[in-house]
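The structure appears below as structure tokens.
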Amino acid sequence: MERTTRPAGTRTKRRAARLRIRAATRRDAATICALIRGLADYEKLSHEVEASIARIRQHGFGPRRYFETLLCFDGPHAVGFALYFFTYSTFLARPTLYLEDLFVVPEVRGRGAGKALLAALARVAVRRGCGRMEWAVLDWNAPAIGFYERLGARLRKDWILTRLTGSPLRRLSRAR
Ligand SMILES: CC(C)(COP(=O)(O)OP(=O)(O)OC[C@H]1O[C@@H](n2cnc3c(N)ncnc32)[C@H](O)[C@@H]1OP(=O)(O)O)[C@@H](O)C(=O)NCCC(=O)NCCS
Numbered sequence: 208m209e210r211t212t213r214p215a216g217t218r219t220k221r222r223a224a225r226l227r228i229r230a231a232t233r234r235d236a237a238t239i240c241a242l243i244r245g246l247a248d249y250e251k252l253s254h255e256v257e258a259s260i261a262r263i264r265q266h267g268f269g270p271r272r273y274f275e276t277l278l279c280f281d282g283p284h285a286v287g288f289a290l291y292f293f294t295y296s297t298f299l300a301r302p303t304l305y306l307e308d309l310f311v312v313p314e315v316r317g318r319g320a321g322k323a324l325l326a327a328l329a330r331v332a333v334r335r336g337c338g339r340m341e342w343a344v345l346d347w348n349a350p351a352i353g354f355y356e357r358l359g360a361r362l363r364k365d366w367i368l369t370r371l372t373g374s375p376l377r378r379l380s381r382a383r
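Below is the structure:
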């Protein structure tokens, strides 16, 4: 019996045809905030969200810009986002594109929006001379881990995310 095969990604490409990606502007601050809340809800971390539209506008689109954002649209609807900024790899002596948030609304998942957002980010990384893209994923988030590995990313379990925040941060800031 003859076996018909379809090249990987063909179906996603067809379904992604209606999707459009563009850089966010300051008018998109409320949309970004809503997508951040969507991601936090998915990650069961809504109680940690302190984000406000005003601070997103200030830090993303003010005089000192801390991050950049790509939005994915299906027609007029924002259906996903990738929020990123640049760190620096001293070993490579090149910038690193650090992906802080990636999220696609549940109704649109599996239609190529996530891959299209990451591909657009990879183009930004290459254009800006980055040696790497990097991000963290929660250990229970098997669907996202599967998605990342399929794109060729590797999990680095030997590195432990280390965070100083809240009162320990303030205490250290007062130490001599
Ligand atoms: C993870 C997420 C961004 C992926 O976006 P998506 O739009 O659903 O994924 P896509 O449709 O672009 O999938 C792209 C490719 O990955 C594959 N893929 C998707 N999920 C997968 C999985 N769980 N395991 C293996 N492959 C997977 C698809 O089959 C597709 O392959 P193809 O190009 O060969 O057709 C999205 O599902 C999401 O927002 N999840 C909830 C939030 C989240 O987990 N964010 C990441 C936090 S670190």
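Throughout the sequence shown, residue numbering follows our numbering, covering 208 to 383 in sequence. Ideal Cβ placement from N, Cα and C applies to all residues, glycine included.
- Shortest gap from the CB of Lys322 to any heavy atom of ligand 1: under 7 Å.
- With a cutoff of 7 Å, Val333 does not count as near ligand 1, since its C-beta is closer than that to no heavy atom of the ligand.
- When secondary structure is reduced to three states using DSSP, Tyr291 falls in the strand class.
- In this structure, the C-beta of Val344 approaches ligand 1 to less than 7 Å from one of its heavy atoms.
- If the five residues before and after Leu299 are omitted, its C-beta is found closer than 8 Å to the C-beta atoms of Gly338 and Arg339, all from its own chain and listed in chain order.
- Ranked by Cα distance from Gly336, the first of Thr303, Glu255, Ile239 and Asn348 is Thr303.
- Shortest Cα-Cα distance from Ala332 to any of Leu362, Ser374, Phe293 and Thr369 involves Phe293.
- Rounded to the nearest whole angstrom, the C-alpha separation of Ala326 and Leu290 is 13 Å.
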